[in-house]
Amino acid sequence: MTGGSHVQPPDAEDARRPRPRLLTPQPRRPRGAWRLGTPVVVLLCGALFIVSAHNSGGTDLRPGRYTDLASLVKDESDQYDALRRQVSDLDAQVQALSAGMSDKDVDRIHRTIDRLEDPAGMRPRSGPGLTITLSDAPEDVINSTTGNVNLLLVHQQDIQAVVNALWNGGATAVTVEGQRIVSTTGIKCEGNAVQLQGVPYPQPYTIQAVGDQGALLTAIEEDPYLQTYREQAADPAISVGWDLQLEPLVTAPAYDGLRDLSFAVPLRSAPAS
């Protein structure tokens with residue numbers, strides 16, 4: 000053909016020759032990332048175990064293992080007793096070191112401390128007084144009620160109301176569950192128990208006061224909150240527990256708990272720009 004190109008067909012010998020197979024290059028699997036990743040994962044797991052052990056402080060991180068209130072109360076009471084013993088040892092060391100100092104200003108401060116220790120509850124008190132016991136309603140009343148079950152239970156505000164009324168009646172010392180109550184004492188509910196100075200107590204709750212019995216009784220009878228409480232105690236549908244007994248001798252131990260007061264401080268707002 001004029002002006003074109005002519006392609007020759009392959010001869011028979013060329014057709015019989017084996018042709019080389021073209022291979023597409025495959026990417027290699029990276030090995031460096033796997034070799035580095037394994038020890039990193041192992042190190043992270045070890046760090047997690049160390050952090051867990053540190054945060055647990057020797058206790059169980061899974062509180063669900065506490066199956067009853069008695070075990071929880073005993074565990075927290077033991078921890079509180081250990082801390083209280085530590086505080087007592089440190090106080091004894093401070094007093095021993097202070098006694099060895101001879102200074103006019105230090106002596107003046109010691110005289111002030113001695114004068115304030117008794118009204119602050121740092122010394123034991125004993126004398127005539129009374130005992131008040133608060134308790135939940137009987138179980139059959141609680142199980143059969145169709146009203147507000149909270150009226151059948153003792154709450155922290157009930158205990159606080161009794162303590163405040165006793166202070167108003169001129170009590171020289173007040174205890175709850177045998178613990179001396181001072182100005183920094185906190186009473187709060189913790190589940191079905193009341194926590195007092197770091198220790199949970201189940202009901203019934205025993206409150207004792209040292210003071211003039213007549214003045215204490217008058218303060219109890221005139222308190223509006225306790226008037227309502229006693230009316231509910233007398234109502235068979237509620238029957239929340241109330242018992243008052245006059246005592247010829249009540250002994251209130253000195254306060255031996257923590258003395259530092261922690262409180263919240265409001266954040267200051269940033270100045271407007």
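The C-terminal position of the sequence shown is numbered 272 in numbering that gives the first Met the number 0, with every residue numbered one higher than the one before it. For glycine and all other residues, C-beta sits at the position ideal for the given N, C-alpha and C. On a predicted model such as this, the values are computed, not experimentally measured, just so you know.
DSSP three-state assignment for residue i, whether helix, strand or coil
| i | result |
| --- | --- |
| I219 | helix |
| E246 | strand |
| T145 | coil |
| R267 | coil |
| V162 | helix |
| A251 | strand |
| P19 | Note on P19: pLDDT 49, under 50, position unreliable in the model; the coordinate value appears next. Note: P19 maps to coil in three-state DSSP. |
| G256 | coil |
Under 7 angstroms between C-beta atoms of residue i and residue j
| i | j | result |
| --- | --- | --- |
| G120 | V209 | no |
| L245 | Q194 | no |
| A232 | W241 | yes |
| D139 | V153 | no |
| L216 | I131 | no |
| A214 | G177 | no |
| I237 | Y204 | no |
| V249 | Q207 | yes |
| A251 | T174 | yes |
| R122 | E116 | yes |
| L151 | V239 | yes |
| K187 | Q155 | yes |
| L225 | A160 | yes |
| E189 | P199 | yes |
When the options are compared against residue i, the one with the closest alpha-carbon
| i | options | result |
| --- | --- | --- |
| G256 | T184, V175, V173 | T184 |
| S125 | R179, Y200, I158, A81 | R179 |
| A192 | L133, E230, V173, E116 | L133 |
| P137 | D234, P199, C188, R267 | D234 |
| E221 | L165, D88, G146 | L165 |
| N163 | Y228, L96, D74, I219 | I219 |
| Y228 | N149, L43, R84, L47 | N149 |
Bounding residues of the beta strand (DSSP E) (the contiguous stretch that carries residue i)
| i | result |
| --- | --- |
| I131 | 124 to 134 |
| A172 | 172 to 175 |
Q) Of all the beta strand (DSSP E) runs that stay within the bounds of the segment 181 to 226, which reach a length of 3 or more residues? A) 186 to 189, 192 to 195, 198 to 200, 204 to 209
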